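Numbering follows UniProt numbering, with no gaps: position 37 of the sequence shown is 37.
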Amino acid sequence: MASPANIKSLSKTVLAAITGAAIEAGIIESAEQPMVALFGDHLPSGIDPRVNEITVAHLLAQQAGLERTSGGNYSAWVASANWVNDAITRPFVDEPGGRMLYSTGTSHLLSAALTHASGESTHALAQRLLGDPLNITIRPWLRDPQGIYFGGNDMQLSPRALIEVGELYRNDGIVFNEAGDEQRVLPEGWVEESWQPRGTSRWTGDGYGYGWFITQLAGEDVYYGRGYGGQALFVIPEREMTVVITSDPTPPSPGGQFQQQLNRLVERLLIENSEQ
């Protein structure tokens with residue numbers, strides 16, 4: 001429970017929590033703030049004017065409209081000399097706010113926006129705004145050639161740390177200290193906003209909000225984040241349950257099919273729990 005694991009794309013769910021905490025701390029005005037306002041002078045020249053329409057919400061919900069850097073484009077993207085410029089100058093294949101286009105490059109733009117807006121690294125923000133209140137350690141992880149922490153992949157968190165993140169959402173963005181006093185870490189209403197489906201995964205058919213997939217299992221509303229190779233965080237509010245699964249990501253993973261297997265595992269847990 002205490003050993004950190006590479007949580008792969010489950011990092012997107014944690015990045016969404018960091019973003020919410022940054023809004024609560026006043027670093028970002030709101031999810032509707034334009035991305036370019038956070039980048040300041042760090043934008044490359046000659047970008048498509050539609051980049052100005054991309055908001056923090058679009059980045060969180062994978063609705064930037066830019067060509068994906070995931071899938072077949074991933075290797076070339078991470079081999080590029082500047083991950084941010086590569087992602088932000090890709091052609092638009094939909095309008096900002098359009099369909100969900102699952103892309104780690106979109107999440108990386110969010111990490112860069114957090115860094116430029118705050119003057120701190122994404123890792124420093126993660127530990128200060130999320131790790132410290134939750135009493136968890138968030139280790140440094142991979143950075144791009146310009147030093148921006150990888151947005152949406154390769155974070156190193158223990159199952160216990162992930163439980164704390166899930167419980168933060170289950171408790172509506174509030175954490176309780178040992179004395180029973182509460183501290184608001186995420187903005188009021190952030191969890192409800194995060195769990196509203198804004199797009200649909202083409203692999204599972206599940207809805208997608210701010211870094212969370214949305215589905216139903218055993219008749220219950222379930223919210224989950226996932227990562228390659230079997231990394232998963234499930235929150236089931238009505239059952240007062242948070243479930244974490246970490247796995248060795250080295251063997252080949254059958255993608256969405258494997259996630260459906262994890263969903264069925266949690267569904268069986270819910271059914272068995274209700275029968276007791």
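Note that CB positions come from ideal geometry on N, CA and C, so glycine has one too. All of these numbers come straight from a predicted model, not from anything done at the bench.
Distance between residue j and residue i (C-alpha atoms, nearest Å)
i	j	result
residue 161	residue 42	33 Å
residue 224	residue 81	33 Å
residue 19	residue 28	8 Å
residue 72	residue 176	43 Å
residue 89	residue 51	9 Å
residue 133	residue 127	9 Å
residue 33	residue 179	36 Å
residue 24	residue 172	13 Å
residue 76	residue 86	10 Å
residue 270	residue 79	43 Å
residue 26	residue 272	43 Å
residue 185	residue 111	19 Å
residue 245	residue 232	5 Å
residue 139	residue 149	11 Å
residue 181	residue 249	38 Å
residue 362	residue 67	Nothing about residue 362 can be reported from this structure: the residues present for the chain run from 1 to 276 only.
residue 165	residue 191	12 Å
residue 13	residue 54	19 Å
residue 130	residue 49	34 Å
residue 31	residue 145	27 Å
residue 274	residue 222	15 Å
residue 238	residue 120	37 Å
Extent of the continuous beta strand (DSSP E) to which residue i belongs
i	result
residue 166	No beta strand (DSSP E) holds residue 166; the alpha helix (DSSP H) holding it covers 159-170.
residue 88	That residue, residue 88, is in no beta strand (DSSP E); its alpha helix (DSSP H) goes 83-88.
residue 183	182-184
residue 174	174-176
Nearest neighbour of residue i, chosen from the options [CA to CA]
i	options	result
residue 277	269, 257, 51 and 135	Absent from the structure is residue 277, since the part of the chain shown begins at 1 and ends at 276.
residue 8	132, 242, 226 and 264	226
residue 156	112, 136, 220 and 116	136
residue 197	91, 215 and 131	215
residue 98	139, 132, 13 and 200	200
residue 236	168, 250 and 203	168
residue 15	100, 141, 40 and 69	141
residue 104	191, 185, 74 and 126	74
residue 4	158, 182 and 79	158
residue 264	234, 239 and 238	234
residue 260	203, 67 and 221	203
residue 17	267, 56 and 273	56
residue 163	53, 220 and 240	240
residue 217	69, 267 and 189	267
Integer-rounded CB distance, given that residue j should sit under 8 Å from residue i
i	j	result
residue 93	residue 109	Not a contact, Cβ separation roughly 15 Å.
residue 96	residue 64	6 Å
residue 38	residue 106	14 Å between Cβ atoms; not a contact.
residue 230	residue 262	7 Å
residue 213	residue 207	7 Å
residue 11	residue 153	5 Å
residue 118	residue 2	The pair is not a contact, with the Cβ atoms about 29 Å apart (cut-off 8 Å).
residue 170	residue 242	6 Å
residue 101	residue 114	At roughly 21 Å, the Cβ-Cβ gap does not stay under 8 Å, so residue 101 and residue 114 are not in contact.
residue 122	residue 151	7 Å
residue 61	residue 219	Not a contact, Cβ separation roughly 26 Å.
Span of the alpha helix (DSSP H), counted from its first residue to its last, around residue i
i	result
residue 24	11-24
residue 39	35-39
residue 129	First-last for residue 129: undefined, no H or E at that position.
residue 115	104-118
- request: Counting only runs of 4+ residues fully inside the segment 190-242, write out the alpha helix (DSSP H) ranges in chain order.
  value: 190-194
message: Please give me, in chain order, every unbroken run of the alpha helix (DSSP H) with length at least 4 that falls completely inside the segment 41-83.
response: 56-60 and 74-78
- request: Could you tell me which uninterrupted alpha helix (DSSP H) segments, each at least 4 residues in length, are contained entirely in the segment 131-160, listed from first to last along the chain?
  value: none
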